[in-house]
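What follows is a single structure, written as structure tokens, with notes after it.
There are 2 protein chains.
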Amino acid sequence: MEPIDQQAAEEKRSGKIEESKGNTGISRRDVLKLAGAGGLGLLLGSMGIDGLLKGTPLGSNFAEAAKDTVPFYGEHQAGIATPAQNFICFASFDLSTTSLGDVQQLFREWTGASAMMCSGRPVGDETGNSAHPPVDTGEAVGLHTSNTTITFGVGPSLFDARLGLAAKRPAELADLPAFGGDNLRSEWCGGDIGVQVCADDLQVAFHAVRNLTRIARGTAVLRWTQEGFQRTSTAAATVSDTPRNLLGFKDGTANLDTKDGALMQEFVWTQPADGPAWLAGGSYMAVRRIRMRIEVWDRSTLGDQQATFGRYRDSGAPLGGNKEMDALPLEAKGENGQPVIPMNAHVRLAHSEGKEKMLRRSFSYSSGIDRQTGQLDAGLLFVSYQRSLVKQFIPIQQRLARQDKLNEYISHVGSAVFACFPGVREGGGYIGQALFEG
Amino acid sequence: MEPIDQQAAEEKRSGKIEESKGNTGISRRDVLKLAGAGGLGLLLGSMGIDGLLKGTPLGSNFAEAAKDTVPFYGEHQAGIATPAQNFICFASFDLSTTSLGDVQQLFREWTGASAMMCSGRPVGDETGNSAHPPVDTGEAVGLHTSNTTITFGVGPSLFDARLGLAAKRPAELADLPAFGGDNLRSEWCGGDIGVQVCADDLQVAFHAVRNLTRIARGTAVLRWTQEGFQRTSTAAATVSDTPRNLLGFKDGTANLDTKDGALMQEFVWTQPADGPAWLAGGSYMAVRRIRMRIEVWDRSTLGDQQATFGRYRDSGAPLGGNKEMDALPLEAKGENGQPVIPMNAHVRLAHSEGKEKMLRRSFSYSSGIDRQTGQLDAGLLFVSYQRSLVKQFIPIQQRLARQDKLNEYISHVGSAVFACFPGVREGGGYIGQALFEG
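Order-wise, the sequence lines are chains B and P. End of the first sequence sits at 438 in UniProt numbering; the numbers just go up one at a time, nothing left out. End of the second sequence sits at 438 in UniProt numbering; the numbers just go up one at a time, nothing left out.
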């Protein structure tokens, strides 16, 4: 490289860091300054009065920063029962080490880096040193925290002979059984470790996956990734604001209410009695990459589409119902004596007797075109969390795979399951510690 | 399919369309009601008083709707000199017909549908009829207009023997020459027709590409598509708010000021004297899919990264400068007698003597991982508009291809050029008419 006057450059740079602020007037670096290092005292200690004086006035911005931040530390990992953001970058990793110590170190570092990124901070010293690679890759500088959550789980393959953890595998953490109509491709399946990154800014989510990948160098490598989105131009505050999937229908109407703690305990969080101990307070994640045959769907009639879902497209109300949130009139018959909600309608089969519930946290995806068919490679990155795969996800999916009229229009091309760890408290160790060191 | 009581369903549905509204309290359907059909008189005429009564109160929302809308009709196509949105869905199409009449009809329909989507309306009658496929695919119902722009161009291949338009090809509309270091793959290159859809909501942008694709059935098929993004969590209102690319550097600092009409005429809009007549008021678009070798970049030092771009990472200021918008100190030398901005720095070569300017309108992309290397398939969907490819894009890119230090970290994998039509006035015909019928 051409030599540059490093010292002069450093001096110039340090005095004039410009930075952008968004609608709320608060940026990631503000958050660092305001919320970092545990309080103002520590802040002064770590930055020096000089840094503080150059900073943003303290005070009014703090509440806004908090509004834009989901706490990383806590009883449960964030990104499960916390509100769904607008974007997902899902990453599946395979280990490239057989050393349990390496994996412990990886999760130790990932925990620290994730805590920083989820509070809007770069993963390392931002002031930089020209002679070293930057610790943080920089593309999220000046961006909001964007409610970033990072959620870690481990797949069945982690418990093979490599790390000596076979005895700790939960009995039900196994590759999903084959479902009728599955069209799985290995490049969208499995993984030793699954990481769900969600944020309200796609660039911020990308930044997290990239930096986690970088930290993993030598210990784990990416196996597959998938970006996904929801609509970003409406707020998710009201019940009628259920997002629409790429088939044009509201998706998630009957989802579990994450504010209902009892429901979460019953259907989402693994209980101590369920075993193993390292997973208590965690959850099983199922991920399915579901390709939608959009071009075929678009040629079907509105009546057929509505009969397929069992809901009206515009209102989201169940057929025979009035409003989106109405109970399903499963027994209602039309004038012709047939059920108003067809026997093979998606909502009927997904609901069944209402016993098997799971928390869905899905996103649409669009990944260019399928080279084989020339059609859009778009659909749903289905993500669900449940206390038990065997009692919840599997029986529901078996029912859907057998009968769901929607199967004419979709194809499951990817599949993975992960046991997601419970959360950790700040200063209380690292994510996964009870498994790796317990 | 299972029979459903169609009549009852229709009645129920029509009376109770629920719809979501976002932060601004205005939705696509509001826009339809408020801005549709040319004004309140026509609105009443087409909807009936009944429709109006069911609608949203007129008045205060109108300004908000307009704020979220970029006019489709005008002297120039929107999406070129209009402000860049947060997302792009770029689509390249190949004709599947040899009939010029088919192509005329396609652009006639595309023009009408685009005008509707860019004003927040569905592409067709939204009330639907159960016995027919919905005219609009529905996934943007309830979403904001999101500043959607749709910009059409035609590639060199359109002027081959099929349509009989060879004599109308502008001399400089040809595939780009091979540049040193090009690593082009056919699946990301070329196309008879290029359509740039941009919006502040990715789902809204996807909706547009999908519906345009659907309208094209029988006449044109997708050749390639690519989604892209910018950060969404800062506003683009101030100069210091230049977005960062995935190498962590501010990108677009020295871009043309689109508010400067004289600059636009000189560097962006094709002039009548340039010929051909059908292109006057249009612009040439260059699209390059530039893969970034992110993992290699991340191992290079900050000093090396800054020398590569010729700018400081944090502030975006040129090396030896103070602020992002400072002029490049191209003559400045450091204590060692070497240029402060290295001779092979990206900014120096892109700037050269400052004569060749173009309007860049690029987005980052992240498309999973590269199967061959296991590394992130991420980078820049470079898009530029210029009055002349031969005088602007090509000499700049030749200079960069030869010397740019950035070439160590990037690889051009896709390439296409399109001649983008001038705009049309409302009621003044369809996009491309002067080419197809002139």
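Glycine included, C-beta positions come from ideal geometry on N, C-alpha and C.
Here's the rule: buried if 16 or more other CB atoms are within 10 angstroms of the residue's CB, otherwise exposed. What is residue i?
| i | result |
| --- | --- |
| Glu266/B | exposed |
| Thr145/P | buried |
| Gln203/P | buried |
| Asp257/B | exposed |
| Met343/B | exposed |
| Arg387/P | buried |
| Ala166/B | exposed |
| Ala205/P | buried |
| Ser186/P | exposed |
| Thr137/B | buried |
| Lys67/P | exposed |
| Leu34/B | Residue placement at Leu34/B cannot be trusted, given a pLDDT of 36 that sits under 50; what the coordinates show is reported in the next sentence. It is buried - the Cβ of Leu34/B has at least 16 other Cβ atoms within 10 Å. |
| Leu53/B | Any reading at Leu53/B must be qualified, since the residue scores a pLDDT of 30, below 50, and its modelled position is unreliable; no value is offered. |
Could you check where the alpha helix (DSSP H) with residue i kicks off and where it finishes?
| i | result |
| --- | --- |
| His412/P | Looking at the DSSP string, His412/P is not in any alpha helix (DSSP H); the run it does join, the beta strand (DSSP E), is 410-420. |
| Glu437/B | 433-437 |
| Ile80/P | Neither: Ile80/P is in no alpha helix (DSSP H) and is coded neither H nor E. |
| Gly112/B | 100-118 |
| Gly228/B | Element bounds for Gly228/B: not the alpha helix (DSSP H) but the beta strand (DSSP E), 220-229. |
| Asn211/B | 202-215 |
| Arg425/B | Element bounds for Arg425/B: n/a, residue is neither H nor E. |
| His351/B | 346-351 |
| Phe267/B | 261-267 |
CB-CB under 6 Å to residue i, same chain, minus the five flanking residues each way: which ones, in chain order?
| i | result |
| --- | --- |
| Gly423/B | Gly74, Glu75, His76, Gln77 |
| Phe90/B | Gln196, Gln226 |
| Gly432/P | Phe107, Phe421 |
| Val287/B | Val383, Ala416 |
| Ile396/B | Glu356 |
| Gly51/P | Residue confidence for Gly51/P is low, a pLDDT of 32 falling below 50, so the modelled location carries little weight; the figure read from the coordinates is stated next. Cβ neighbours of Gly51/P beyond the five flanking positions: none. |
| Asp304/B | none |
| Met285/B | Gly153, Tyr385, Phe418, Cys420 |
| Gly428/P | none |
| Ala81/B | Thr258, Met264 |
Using 8 Å as the threshold, is the C-beta distance between residue i and residue j below it?
| i | j | result |
| --- | --- | --- |
| Leu163/B | Tyr409/B | no |
| Ser119/P | Thr69/P | yes |
| Glu437/B | Gln104/B | yes |
| Trp188/P | Gly414/P | yes |
| Ala419/P | Gly112/P | no |
| His351/P | Phe309/P | no |
| Arg244/P | Val141/B | yes |
| Gln306/B | Leu349/B | no |
| Ser283/P | Val268/P | yes |
| Thr253/P | Met325/P | yes |
| Ser362/B | Leu381/B | yes |
| Asn183/P | Met117/P | no |
| Ser364/B | Gly228/B | yes |
| Ser157/B | Asp192/B | yes |
| Phe87/B | Ala199/B | yes |
| Arg214/B | Asp314/P | no |
| Gly261/B | Ala401/B | no |
Please report the residue range of the beta strand (DSSP E) in which residue i lies.
| i | result |
| --- | --- |
| Ala286/B | 283-292 |
| Cys89/B | 87-95 |
| Ser366/B | 363-369 |
| Gly337/P | Where Gly337/P is concerned, there is no enclosing beta strand (DSSP E), given that its DSSP letter is neither H nor E. |
| Ala378/B | 376-386 |
| Val197/B | 193-199 |
| Val154/P | 149-154 |
Keeping to the same chain, check which residues put their C-beta closer than 7 Å to that of residue i; ignore five residues upstream and five downstream.
| i | result |
| --- | --- |
| Leu263/P | Leu256, Asp257 |
| Val221/P | Phe93, Asp94, Ser96 |
| Gly320/B | Pro329, Ala332, Val340, Ile341 |
| Gly41/B | Because Gly41/B sits at a pLDDT of 31, beneath the cut-off of 50, its placement in the model cannot be relied upon, and the point is left open. |
| Asp370/P | Asp377 |
Review point. Between the region 354-377 of chain B and chain P, which residues of the former have a C-beta closer than 8 Å to a C-beta of the latter?
Key: Ser364, Ser366, Ser367, Gly368, Ile369, Arg371, Gly374, Gln375, Leu376
Review point. When Cβ atoms are compared, which residues of the region 86-97 of chain B fall closer than 7 Å to chain P?
Key: none
Exercise for review: Give, in chain order, every residue of the region 129-142 of chain P whose Cβ lies closer than 7 Å to some Cβ of chain B.
Suggested key: Asn129, Ser130, Ala131, His132, Pro133, Pro134, Thr137, Gly138, Glu139, Val141, Gly142
Practice item. Compile a chain-ordered list of the residues in the region 222-234 of chain P whose CB is closer than 9 Å to at least one CB of chain B. Key: Leu222, Arg223, Trp224, Thr225, Gln226, Glu227, Phe229, Gln230, Arg231, Thr232, Ser233, Thr234
Check your understanding: Taking Cβ-Cβ distances below 8 Å as the criterion, which residues of the region 245-265 of chain B are in contact with chain P?
Key -> Asn245, Leu246, Leu247, Gly248, Phe249
Check your understanding: What residues from the region 284-309 of chain B come within 9 Å of chain P, judged by C-beta to C-beta, listed N to C?
Key -> Ile294, Glu295, Trp297, Asp298, Arg299, Ser300, Thr301, Leu302, Gly303, Asp304, Gln305, Gln306, Ala307, Thr308
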